[in-house]
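Just so you know, the protein sequences line up as chains A and B, in that order. All the letters of the first sequence, read from the start, carry residue numbers 11 to 253 under this note's numbering. All the letters of the second sequence, read from the start, carry residue numbers 11 to 253 under this note's numbering. Structure first, commentary second.
Protein chains: 2
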Amino acid sequence: MARKATQGKGNKKPLYASVYEELVERVRSGQWMPGQRIPNEFQIAAEQGVSQGTARKAVSRLAAENLLVRVQGLGTFVVEPTPEHFQFRFFSVFQANGKRIIPRSRSTKCKVGTASRIERMALDLRRNARVVRFQRLRMRGRRPFVTESICLPAETFEGLVVRSPPDTLYDLFQRDYGVLIKRIEERITATAADAKTAAKLKIAPGTPLLRIQRIAFALDDRPVELRVSFYHLHRAHFRAATE
Amino acid sequence: MARKATQGKGNKKPLYASVYEELVERVRSGQWMPGQRIPNEFQIAAEQGVSQGTARKAVSRLAAENLLVRVQGLGTFVVEPTPEHFQFRFFSVFQANGKRIIPRSRSTKCKVGTASRIERMALDLRRNARVVRFQRLRMRGRRPFVTESICLPAETFEGLVVRSPPDTLYDLFQRDYGVLIKRIEERITATAADAKTAAKLKIAPGTPLLRIQRIAFALDDRPVELRVSFYHLHRAHFRAATE
DNA sequence: CAGTGGTCTAGACCACGTG
DNA sequence: ACGTGGTCTAGACCACTGC
Chain A
11 MARKATQGKG NKKPLYASVY EELVERVRSG QWMPGQRIPN EFQIAAEQGV
61 SQGTARKAVS RLAAENLLVR VQGLGTFVVE PTPEHFQFRF FSVFQANGKR
111 IIPRSRSTKC KVGTASRIER MALDLRRNAR VVRFQRLRMR GRRPFVTESI
161 CLPAETFEGL VVRSPPDTLY DLFQRDYGVL IKRIEERITA TAADAKTAAK
211 LKIAPGTPLL RIQRIAFALD DRPVELRVSF YHLHRAHFRA ATE
Chain B
11 MARKATQGKG NKKPLYASVY EELVERVRSG QWMPGQRIPN EFQIAAEQGV
61 SQGTARKAVS RLAAENLLVR VQGLGTFVVE PTPEHFQFRF FSVFQANGKR
111 IIPRSRSTKC KVGTASRIER MALDLRRNAR VVRFQRLRMR GRRPFVTESI
161 CLPAETFEGL VVRSPPDTLY DLFQRDYGVL IKRIEERITA TAADAKTAAK
211 LKIAPGTPLL RIQRIAFALD DRPVELRVSF YHLHRAHFRA ATE
């Protein structure tokens with residue numbers, strides 16, 4: 011069973027990088043399912059023909075990227091794409107008291123169309139590429155407070171248009187399309203609510219809103235989602251941290 | 011010279027953590043100055059009475075925290091607190107074309123006072139603690155586009171009030187007060203410009219602005235700065251990333 | 001108790017930048 | 001050629017979990 015991790019002569023990649031890629035592939039392909047315990051470090055090392063320390067380095071990187079979860083004394087597990095997991099990570103809106111706001115969502119108008127110039131640039135698509143677009147309204151209790159316009163490459167998310175998108179997208183991405191969101195980038199400005207957005211959010215036109223344009227990147231750093239949101243934050247704030 | 015890194019019996023800290031703290035202290039105390047090359051991994055290992063791998067782990071952590079910079083084949087260096095270093099890291103405003111905006115600053119009204127309730131909570135101060143407050147206007151070319159109200163604990167930054175604060179603060183913190191900013195947390199909302207802020211920014215009252223409240227944390231995770239800023243972003247945006 | 005991740009060692013070799 | 005950081009190994013022991 012022991013497979014030597016041989017590399018081509020000119021290959022300069024460190025060994026742990028190869029092991030890392032192999033582990034990513036196993037998660038991505040579904041060979042290791044979410045929540046499942048993966049082999050221990052010595053088993054991985056033996057399989058890949060490297061030492062435990064090298065296997066450990068690969069696993070550590072995956073853990074740092076929130077793809078694996080280590081539990082001392084128990085084992086290492088594939089992260090479970092629960093709504094909480096992704097919500098907690100990427101929806102960083104908090105109340106004044108510091109509690110995170112967990113919104114509910116309502117989706118509407120799911121349609122396929124041709125990518126605009128901006129969408130092509132953001133999602134790195136070729137001319138005339140097809141995209142799935144839909145809109146959402148996020149609720150805080152009974153009050154709408156965020157509008158979202160989401161755009162996805164149709165090629166990557168084939169068949170998504172015929173379903174009604176669920177409350178949380180990223181767990182669906184992982185479960186049904188093997189696309190795991192690793193990081194997001196957001197561009198934030200302040201803007202006055204236009205008539206349409208104001209109506210949706212049930213506020214006066216001209217109310218200052220946060221406009222947040224998000225691009226989500228998959229494990230392989232491909233951009234796979236463009237999302238433009240307008241936030242009406244009453245006794246709440248968006249949170250950002252820089253290390 | 012070889013000092014064995016002995017620990018108390020009940021001490022459960024890993025060895026590399028002790029080495030890490032020792033290295034931090036050398037930088038903080040000025041024993042290793044900014045820009046200086048530090049001993050190589052084997053020398054550190056010998057000094058601290060650990061193996062090279064353990065010393066390396068401590069150095070790696072410092073490097074990950076942007077306190078040290080490694081250069082293969084050359085050595086490891088204490089980070090230089092140049093304006094660029096801190097500006098690039100913590101002032102994340104960009105033009106539409108993706109270029110970072112590097113502002114100039116004008117400071118005014120540097121005064122000492124007693125911390126308000128909000129300031130005490132943000133900076134973890136005791137009742138009646140003294141703080142240094144001043145205001146800044148950041149310019150993009152000839153146009154003002156950010157107002158800042160900065161609040162610092164007077165105890166930590168003794169004597170700062172008599173100087174005129176420079177364009178960039180954080181390099182001053184490191185050079186003159188041994189306070190190295192490791193991370194910042196920002197709370198972002200949208201708001202309409204009040205009359206006073208509008209006058210400073212030379213815009214119409216009511217213009218939507220980004221309000222950003224920043225708390226900056228030192229290496230030891232003490233909060234050492236509270237800053238409230240209003241951003242008028244024209245063809246520009248604030249950028250946030252979540253891993 | 002056995003099995004897991006977490007730490008640590010001593011030594012080896014490689015890749016890179018400088019002189 | 002030399003010294004540096006970067007990778008890798010084989011083996012050891014510790015700390016934690018669950019049976």
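Positions of the beta carbon are idealized from the N, C-alpha and C atoms, including for glycine.
Cutoff 8 Å: residue i Cβ touching any chain A Cβ
i, result
"residue 213(B)", "no"
"residue 100(B)", "yes"
"residue 258(B)", "Here chain B covers residues 11 to 253 and nothing more, so residue 258(B) does not appear."
"residue 128(B)", "no"
"residue 202(B)", "yes"
"residue 179(B)", "no"
"residue 248(B)", "yes"
"residue 196(B)", "yes"
Cutoff 8 Å: residue i Cβ touching any chain B Cβ
i, result
"residue 299(A)", "Nothing can be reported for residue 299(A): it is not among the residues displayed for chain A, which extend from 11 to 253."
"residue 253(A)", "yes"
"residue 20(A)", "Per-residue confidence for residue 20(A) stands at a pLDDT of 45, beneath the threshold of 50, marking its modelled position as unreliable; the derived number appears in the next sentence. False, the Cβ-Cβ gap to chain B never drops below 8 Å."
"residue 193(A)", "yes"
"residue 182(A)", "no"
"residue 38(A)", "no"
"residue 243(A)", "yes"
Presumed contact (8 Å Cβ cut-off) between residue i and residue j, rounded CB distance
i, j, result
"residue 242(A)", "residue 217(A)", "7 Å"
"residue 37(B)", "residue 77(B)", "6 Å"
"residue 240(A)", "residue 156(A)", "7 Å"
"residue 144(A)", "residue 117(A)", "6 Å"
"residue 254(B)", "residue 249(A)", "Past the edges of chain B, shown from 11 to 253, lies residue 254(B), and the structure says nothing about it."
Buried/exposed call for residue i, threshold 16 Cβ in 10 Å
i, result
"residue 52(B)", "exposed"
"residue 98(B)", "exposed"
"residue 112(B)", "exposed"
"residue 215(B)", "exposed"
"residue 230(B)", "exposed"
"residue 234(B)", "buried"
"residue 158(A)", "buried"
"residue 199(A)", "buried"
"residue 224(B)", "buried"
"residue 166(B)", "buried"
"residue 184(B)", "buried"
"residue 55(B)", "buried"
"residue 245(A)", "exposed"
"residue 64(B)", "buried"
"residue 221(B)", "buried"
"residue 47(B)", "exposed"
In DSSP terms, what residue i is bridged to
i, result
"residue 123(A)", "141(A)"
"residue 201(A)", "219(A)"
"residue 80(B)", "86(B)"
"residue 248(B)", "198(A) and 103(B)"
"residue 49(B)", "Beta-bridge pairing links residue 49(B) to no other residue."
"residue 149(A)", "114(A) and 154(A)"
"residue 191(B)", "228(B)"
"residue 237(B)", "160(B) and 224(B)"
Q: Would you check if the stretch 200-215 of chain A and the stretch 121-140 of chain A touch, i.e. whether three or more CB-CB distances between them fall below 8 Å?
A: no
(Q) Can you confirm whether the stretch 168-179 of chain A touches the stretch 177-190 of chain B when touching is taken to mean that 3 or more C-beta pairs between the two stretches lie within less than 8 Å? (A) no
Q.
Can you confirm whether the stretch 86-93 of chain B touches the stretch 164-173 of chain B when touching is taken to mean that 3 or more C-beta pairs between the two stretches lie within less than 8 Å?
A. no
Q) Taking contact to mean at least 3 C-beta pairs separated by less than 8 Å, is the stretch 22-33 of chain B in contact with the stretch 54-66 of chain B? A) yes
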